[in-house]
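Going by my numbering, the letters in the sequence shown line up with residues 3 to 419, in that order. Ideal Cβ placement from N, Cα and C applies to all residues, glycine included. Remarks on the structure that follows.
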Amino acid sequence: MIKARHHILQTTPEQCDLLKQVQQEAAGCWNAIVAEAKAHYDAGGGWISKNDLQKRLKGRFDLHSQTVQGLVDRFCGNRRTAAENRRMGLDKNYPWREKRFVTVPFKQMAIRCSASGTVQLTLKAGIRFDTGFPFSDGIHTCEIMWRHGRYVLSCTAEYQPAEPAEQGLRAGIDIGEIHPVAVCAENGAGLVVSGRQIRSAKQQRNKSLGTFAKRLSRCKKGSRRWKKLRRAKARLRAKTDRQVRDLLHHATRKAIDWCREQGVSELVIGNPAGVEKNTRKAKRLNRKARQKVSQMETGRIKQYLSYKAEEAGIQTCLVVERGTSRDCPVCGSQNRARGRLFVCAACGFSAHRDGKAGFMMLWKKHPQIPLPQLRIEHRQAYPKYRKRLSPACVDGPDVAPSSLAIPGPLLGEHIAA
Ligand SMILES: [Zn+2]
């Protein structure tokens, strides 16, 4: 499977200037490609071919020849996509804009392994740039791009997925708002990953957006103050989005790693698609809960889970999750959920609500599995507060260590969504 990894580049000011120059040079090349293609079309020649474009650009720019090729490839790809979109009746333009900076592509010949085992890129003749990103054999292409005020390396590589585990355990996953993922295996062992920080980040964003809306309403549209506020608002949104993405990666990684430890070979994922719909019309939830449910990122969680599972050699399938959190697994009666503990009013069965829902998801696919004793473990997506190793107060009595559980070593995952 091909996967893209992002890596923030640690650059000195000189390196930054160099990368900026390369980006500008590449932008010049891009503009030339667009101009050549337009001239060719205007002269009645139709679409210019890749080869012709490359011939016309040869030696004109101070870039690696394969970088120029990469830009030509990108142009041709964009041209094809635009044509397809236009055929479908969408109002899309062919590439036309004059650019000052572009993302710089690197292909096989411009990528090499340095003596210290990191990815080294040839920016132009005689100038190499060490990225500090560990080299692996399957690297296809690299790109250097400018994101949120710093240079980022995007590296696509072929990763060998693990051999599919045979005859392992089967497990179910429940996707939710309070706990983004809750897994439960057929032997009753389960893991619930907390989404506390995701909720907190989103709540802060919602509150701040409210403040922004209030302030913006007092400004004159287009004024300097208005523009300033709009920029700040966009920054806030982008930041929260990055935080949430990171936390979701951590949460799903925890779940899949747990599955691997337990020897799970098949994963049944509950598909909550549609829970966010018609909440107001059907008067299903209150105002606060409606906002939370509508901001649930179920699609993202499903995507992260399925590719991480594929990588670990675990088969996945989707089932409709209707009734899995409401129904009692023992007597089948419907219960109104209250809090995180599911208690059946009819038979007295009790279990962790989301862990139980994970198990019910498994039941949807394999109804013949007997109900085990559920043992649900609880972890945070990303421990913000770490246990104090030494007492906080030196003179006074020893401070009891916090009761917060610390999960295993953190995984520094930087994977593109
Ligand atoms: Zn019951």
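Handout entry: Chain-order list of residues whose beta-carbon lies under 7 Å from that of residue 113 (same chain, five-residue window excluded)
Key = Translated into the one-based positions of the sequence shown, residue 113 becomes position 111. For residue 113, where only same-chain residues beyond five positions count, the Cβ hits under 7 Å are 121, 123, 141, 144.
Exercise for the section: Compute the distance between the beta-carbons of residue 367 and residue 319, then report whether it is under 8 Å. Expected result: Locating residue 367 in the sequence shown gives position 365, counting from the first residue. Locating residue 319 in the sequence shown gives position 317, counting from the first residue. It is a contact, given that the beta carbons lie within the stated cut-off.
Problem - Backbone secondary structure at residue 382 - three-state DSSP - result: Counted from its first residue, the sequence shown places residue 382 at position 380. Note: residue 382 maps to strand in three-state DSSP.
Practice task
Assign residue 330 to one of three DSSP states: helix, strand, or coil.
Solution key: Walking along the sequence shown from the start, residue 330 turns up at place 328. Three-state result, residue 330: coil.
Problem - Residue range of the beta strand (DSSP E) that includes residue 267 - result: Position 265 of the sequence shown, counted from the first residue, corresponds to residue 267. Unbroken beta strand (DSSP E) run through residue 267: 266 to 273.
Practice task
Flag residue 345 as yes when its Cβ comes closer than 7 Å to any non-hydrogen atom of ligand 1, and as no otherwise.
Solution key: For the purposes of this step, residue 345 is identified with residue 343 of the sequence shown, where counting begins at 1. No - ligand 1 has no heavy atom lying nearer than 7 Å to the Cβ of residue 345.
Handout entry: Check: residue 327 C-beta below 7 Å from any heavy atom of ligand 1
Key = Mapped onto the sequence shown, residue 327 falls at position 325. Not under cutoff, so the answer is no.
Handout entry: Buried/exposed call for residue 111, threshold 16 Cβ in 10 Å
Key = Here residue 111 is taken as the residue at index 109 of the sequence shown, counted from 1. The residue is exposed, with fewer than 16 neighbouring Cβ atoms inside 10 Å.
Exercise for the section: Return the bridge partner residues of residue 10 from the DSSP annotation. Expected result: Start at 1 with the first residue of the sequence shown, and residue 10 comes out as number 8. Residue 10 pairs with 154.
Practice task
Measure the alpha-carbon distance for residue 300 versus residue 346 and round it to whole angstroms.
Solution key: Taking the first residue of the sequence shown as position 1, residue 300 is located at position 298. Taking the first residue of the sequence shown as position 1, residue 346 is located at position 344. If I take the Cα positions, the gap works out to 27 Å.
Problem - residue 353 versus residue 338 - alpha carbon distance - result: Position 351 of the sequence shown, counted from the start, is the residue given in the question as residue 353. Position 336 of the sequence shown, counted from the start, is the residue given in the question as residue 338. If I take the Cα positions, the gap works out to 14 Å.
Practice task
Verify the contact flag: residue 135, CB atom, against every heavy atom of ligand 1, threshold strictly below 7 Å.
Solution key: For this step, residue 135 is matched to residue 133 along the sequence shown. False, no ligand heavy atom lies under 7 Å from that Cβ.
Practice task
Could you give the DSSP three-state label for residue 30: helix, strand or coil?
Solution key: Position 28 of the sequence shown, counted from the start, is the residue given in the question as residue 30. Of the three classes helix, strand and coil, the one that applies to residue 30 here is helix, per DSSP.
Practice task
Return yes when the C-beta of residue 348 is under 7 Å from any heavy atom of ligand 1, and no when it is not.
Solution key: As a first step, residue 348 must be located in the sequence shown, where it is residue number 346. For ligand 1, at least one heavy atom lies less than 7 Å from the Cβ of residue 348.
Problem - Whole alpha helix (DSSP H) elements within the region 39 to 79, 4-residue minimum - result: 52 to 59
Practice task
Determine the contact status of residue 157 and residue 7, defining contact as a CB-CB distance below 8 Å.
Solution key: Counting from 1 along the sequence shown, the entry for residue 157 is found at position 155. Counting from 1 along the sequence shown, the entry for residue 7 is found at position 5. Yes. Within cutoff.
Handout entry: Simplified DSSP state of residue 147, which is helix, strand or coil
Key = Reading the sequence shown from its first residue, position 145 is the one you call residue 147. Note: residue 147 maps to strand in three-state DSSP.
Practice task
List in chain order: all unbroken alpha helix (DSSP H) runs of 4+ residues lying wholly within the region 286 to 322.
Solution key: 289 to 296, 300 to 313
Practice task
Would you check if the distance between the CB atom of residue 170 and the CB atom of residue 267 is smaller than 8 Å?
Solution key: The sequence position of residue 170 within the sequence shown is 168, counting from 1. The sequence position of residue 267 within the sequence shown is 265, counting from 1. Yes, they are a contact pair.
Problem - Proximity of residue 78 and residue 59 at Cβ, strictly below 8 Å - result: On the sequence shown, residue 78 is found 76 positions in, with the first residue counted as 1. On the sequence shown, residue 59 is found 57 positions in, with the first residue counted as 1. The answer is no: Cβ separation not under 8 Å.
Practice task
Apply the 10 Å Cβ neighbour rule to residue 12 and answer buried if 16 or more other Cβ atoms are within range, or exposed otherwise.
Solution key: Residue 12 sits at position 10 when you count from the first residue of the sequence shown. With fewer than 16 Cβ atoms within 10 Å of its Cβ, residue 12 is classed as exposed.
Problem - residue 47 versus residue 28: straight-line alpha-carbon distance, rounded - result: Taking the first residue of the sequence shown as position 1, residue 47 is located at position 45. Taking the first residue of the sequence shown as position 1, residue 28 is located at position 26. Straight-line Cα distance between these residues: approximately 26 Å.
Problem - Beta-carbon contacts of residue 33 that lie in its chain and below 7 Å, excluding the five residues immediately before and after - result: As a first step, residue 33 is located in the sequence shown; it is residue number 31 there, counting from the start. The residues are 100, 101.
Practice task
Work out the CA separation of residue 196 and residue 39 for me, nearest whole Å.
Solution key: Within the sequence shown, residue 39 is the residue found at index 37, counting from 1. Within the sequence shown, residue 196 is the residue found at index 194, counting from 1. Taking the straight line from one Cα to the other gives about 53 Å.
Exercise for the section: Count the CB pairs spanning the region 148 to 166 and the region 303 to 318 that are closer than 8 Å, and state whether there are at least three. Expected result: yes
Practice task
Determine, using beta carbons only, whether residue 376 and residue 270 come nearer to each other than 8 Å.
Solution key: Along the sequence shown, read from residue 1 onward, the residue named residue 376 stands at position 374. Along the sequence shown, read from residue 1 onward, the residue named residue 270 stands at position 268. No. Outside cutoff.
Problem - Nearest-angstrom Cα separation, counted from residue 53 out to residue 65 - result: Position 63 of the sequence shown holds residue 65. Position 51 of the sequence shown holds residue 53. Spanning the two alpha carbons is a distance of roughly 18 Å.
Problem - Stretch pair the region 283 to 294 + the region 325 to 342: three plus CB contacts closer than 8 Å - result: no
Practice task
Return yes when the Cβ of residue 384 is within less than 8 Å of the Cβ of residue 206, no when it is not.
Solution key: What you label residue 206 is simply residue 204 of the sequence shown in a count that begins at 1. What you label residue 384 is simply residue 382 of the sequence shown in a count that begins at 1. No, the Cβ-Cβ distance between residue 206 and residue 384 is not below 8 Å.
Practice task
Check whether the Cβ of residue 361 sits closer than 7 Å to any heavy atom of ligand 1, and report yes or no.
Solution key: Counting from 1 along the sequence shown, the entry for residue 361 is found at position 359. Not so, every heavy atom of ligand 1 lies at least 7 Å from the Cβ.
Exercise for the section: Name the one or two DSSP bridge partners that residue 106 has. Expected result: For the purposes of this step, residue 106 is identified with residue 104 of the sequence shown, where counting begins at 1. According to DSSP, residue 106 bridges with 146.
Handout entry: Distance CB(residue 10)-CB(residue 74) smaller than 8 Å
Key = Here residue 10 is taken as the residue at index 8 of the sequence shown, counted from 1. Here residue 74 is taken as the residue at index 72 of the sequence shown, counted from 1. Not in contact: residue 10 and residue 74 (Cβ atoms no closer than 8 Å).
Practice task
Take residue 70 as the anchor and find which of 95, 109, 43, 82 has the nearest alpha-carbon.
Solution key: Along the sequence shown, read from residue 1 onward, the residue named residue 70 stands at position 68. Minimum Cα distance to residue 70 is reached at 109.
Exercise for the section: Compute every distance between the C-beta of residue 219 and the non-hydrogen atoms of ligand 1, then say whether any falls below 7 Å. Expected result: Looking up residue 219 in the sequence shown gives position 217. Every heavy atom of ligand 1 is 7 Å or more from the Cβ of residue 219, so no.
Exercise for the section: May I ask whether a heavy atom of ligand 1 can be found less than 7 Å away from the beta carbon of residue 335? Expected result: Mapped onto the sequence shown, residue 335 falls at position 333. Checking every heavy atom of ligand 1 against the Cβ of residue 335, one is found closer than 7 Å.
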